[in-house]
Amino acid sequence: MRRVALAVEYSGSGFRGFQVQPRGISTVQGALHKALSAVADEPITLVCAGRTDAGVHATNQIVHFDTLAVRPERAWVRGVRPHLPDGVGVRWAREVKPQFHARFSARSRAYRYLLTDASARPALLHDQVTWSRRALNVEAMREAAQALVGEHDFTSYRAVQCQARSPVRTIEHLHLVRRGDLIVLEVKANAFLHHMVRNIVGVLMAIGAGEKPVDWAGEVLRARDRRTGGMTAPPFGLYLVEVDYESEFDLPRALPGPLFFPQPVGALGDSDSAVNFC
Numbered sequence: 085m086r087r088v089a090l091a092v093e094y095s096g097s098g099f100r101g102f103q104v105q106p107r108g109i110s111t112v113q114g115a116l117h118k119a120l121s122a123v124a125d126e127p128i129t130l131v132c133a134g135r136t137d138a139g140v141h142a143t144n145q146i147v148h149f150d151t152l153a154v155r156p157e158r159a160w161v162r163g164v165r166p167h168l169p170d171g172v173g174v175r176w177a178r179e180v181k182p183q184f185h186a187r188f189s190a191r192s193r194a195y196r197y198l199l200t201d202a203s204a205r206p207a208l209l210h211d212q213v214t215w216s217r218r219a220l221n222v223e224a225m226r227e228a229a230q231a232l233v234g235e236h237d238f239t240s241y242r243a244v245q246c247q248a249r250s251p252v253r254t255i256e257h258l259h260l261v262r263r264g265d266l267i268v269l270e271v272k273a274n275a276f277l278h279h280m281v282r283n284i285v286g287v288l289m290a291i292g293a294g295e296k297p298v299d300w301a302g303e304v305l306r307a308r309d310r311r312t313g314g315m316t317a318p319p320f321g322l323y324l325v326e327v328d329y330e331s332e333f334d335l336p337r338a339l340p341g342p343l344f345f346p347q348p349v350g351a352l353g354d355s356d357s358a359v360n361f362c
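Mapping the sequence shown onto my numbering, position 200 (from 1) lands on 284, and the numbers just tick up by one.
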C-alpha cells in the first residue's frame, strides 16, 4: 500500500462544496475520486486538509489517498487530467510516508479573500471576487483586524452549526492590501472554524463601509455569541491558498495564487501596513 499526496486547484463555482454528497450532487471530492480511480484502476478515497463550502475556491488544497497501484508521480498529475472537469486540476503529486495525513499533519492553513469596491459589479470575475456596493476604507479594516490576531475564542466568528470541539484558534497574521479596485485579505492560522474567514470578512466589510466603528470587531470577539456578528460574506471571493507541513514530509512548494496574485503567503505585510503576530 502506498500513500500519495496531491496539491489540487479548483474553482468552487460549479460544485456543491468539496465533500462528497449523496449521489447526483457535484462535488470536488467526487470528481477527484472518479478521476483517480480511473488512473489507479481501483476505487480511491481521499482525505483533504480542509473541506471547503459551495462556491469556495482553492489553489493549494492538499489531499492524500492510499493505493495498491504503482504509478509514476506524473501519472497522478497528467493522467487524471482527461478524467477531471475543467474546474479541477492537480498541481503536483508526491509519494509520502504512511505517517503523513493531509488534515492532521497540517501545522497551519492560509486563506485569501478577494474583494472589489469598484463602482460597477465585475462581469468577468463575478464568481471569483466579492463585490461591495459601498466604498471600503482599508485602513479602518486593518485597524479593526488587530483585535483578531493571536489566540482567541472565536465563537462569535463561527457558524452556529460548526461542529469543532473547541472554538479557540490562533491567527498568525491578518493582512489587508489594496491594489486599485482589488482588496486582498490574507489570514493564516493554525486551523479555522466553519465560516470563520467569511464571518471575519463580513465584520470588516461593515467597518470598512462605515456602518460600524473600528472597535466593533473586538466587541464581537469578546461577546462569544454569533448573534452579535455581522453578515457572513459570500463564498465567491474565498480561496484556500496554502497548507503548511513539517519539512520532514518534503512536499513541493507552489505559489499560493490565485494566478493573478502570486505573492507568497506573508509577503503582503512586507510593503504595506498589516497586522502581524509572532
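Cβ coordinates follow ideal geometry from the N, Cα and C atoms, glycine included.
Next on the checklist: Mapping the DSSP letters down to three states, classify residue 89 as helix, strand or coil.
Outcome noted: One-based indexing of the sequence shown puts residue 89 at position 5. Looking at residue 89 - three-state DSSP - the assignment turns out to be strand.
Checklist entry - Who pairs with residue 94 in a beta bridge, going by DSSP? => result To locate residue 94, count along the sequence shown from 1; it is residue 10. Looking at the DSSP assignment, residue 94 forms a beta bridge with 142, 172.
Checklist entry - Which residue or residues does DSSP assign as beta-bridge partners of residue 149? => result Working through the sequence shown from its first residue, we reach residue 149 at position 65. For residue 149, which the question treats as bridged, DSSP gives the partners 88, 130.
Checklist entry - What number of angstroms, rounded off, separates the C-alpha of residue 319 from the C-alpha of residue 339? => result Here the question's residue 319 lines up with position 235 in the sequence shown. Here the question's residue 339 lines up with position 255 in the sequence shown. C-alpha separation (whole angstroms): 22 angstroms.
Item to check | Collapsed DSSP secondary structure at residue 272 in the structure displayed | outcome: The residue given as residue 272 occupies position 188 in the sequence shown. Three-state result, residue 272: strand.
Next on the checklist: Run through the DSSP bridge pairs and tell me what residue 197 is partnered with.
Outcome noted: Locating residue 197 in the sequence shown gives position 113, where the first residue counts as 1. DSSP lists 269, 322 as partners of residue 197.
Item to check | Paired residues, beta bridge with residue 237 - DSSP | outcome: Counting from 1 along the sequence shown, the entry for residue 237 is found at position 153. DSSP lists 252 as partners of residue 237.
Item to check | Boundaries (first-last residue) of the alpha helix (DSSP H) holding residue 118 | outcome: Position 34 of the sequence shown, counted from the first residue, corresponds to residue 118. Unbroken alpha helix (DSSP H) run through residue 118: 112–124.
Checklist entry - Closest by CA to residue 174, which one among 90, 191, 242, 197? => result Mapped onto the sequence shown, residue 174 falls at position 90. Considering only alpha carbons, the answer is 90.
Checklist entry - What separation, rounded to the nearest whole angstrom, lies between the Cα atoms of residue 315 and residue 208? => result Residue 315 sits at position 231 when you count from the first residue of the sequence shown. Residue 208 sits at position 124 when you count from the first residue of the sequence shown. The alpha-carbon atoms of residue 315 and residue 208 are separated by roughly 25 angstroms.
Next on the checklist: Taking a contact to mean a Cβ-Cβ separation below 9 angstroms, would you say residue 125 touches residue 202 in this structure?
Outcome noted: Position 41 of the sequence shown holds residue 125. Position 118 of the sequence shown holds residue 202. It is not a contact, given that the beta carbons lie outside the stated cut-off.
Item to check | For residue 283, the nearest candidate out of 267, 301, 121 (CA to CA) | outcome: Within the sequence shown, numbered from 1, the residue matching residue 283 stands at position 199. Among 267, 301, 121, the Cα nearest to that of residue 283 belongs to 301.
Checklist entry - If you measure from the CB of residue 303, is any heavy atom of the ligand PLP nearer than 8 angstroms? => result The model on display carries no ligand, and the ligand PLP is accordingly not part of it.
Checklist entry - When the Cα of residue 86 is compared with those of 148, 132, 137, which residue comes out closest? => result Residue mapping note: residue 86 aligns to position 2 of the sequence shown, counting from 1. Of 148, 132, 137, the residue nearest in Cα terms is 148.
Item to check | DSSP three-state assignment for residue 317, whether helix, strand or coil | outcome: Sequence index remark: in the sequence shown, residue 317 carries index 233 (1-based). Reduced to three states, the DSSP call for residue 317 is coil.
Checklist entry - By how many angstroms is the C-alpha of residue 155 removed from the C-alpha of residue 61? => result Examination of residue 61 is not possible in this model, given that the chain is present from 85 through 362 alone.
Next on the checklist: Taking only three categories from DSSP, how would you classify residue 259?
Outcome noted: What you label residue 259 is simply residue 175 of the sequence shown in a count that begins at 1. Here residue 259 sits in strand by DSSP.
Item to check | Same chain, Cβ closer than 8 angstroms to residue 191, neighbours up to 5 away in sequence not counted | outcome: Residue 191 sits at position 107 when you count from the first residue of the sequence shown. Here the set comprises 274, 328, 329, 330.
Item to check | Local conformation of residue 226 per DSSP, three classes | outcome: Your numbering for residue 226 matches position 142 in the sequence shown. Three-state DSSP puts residue 226 in a helix.
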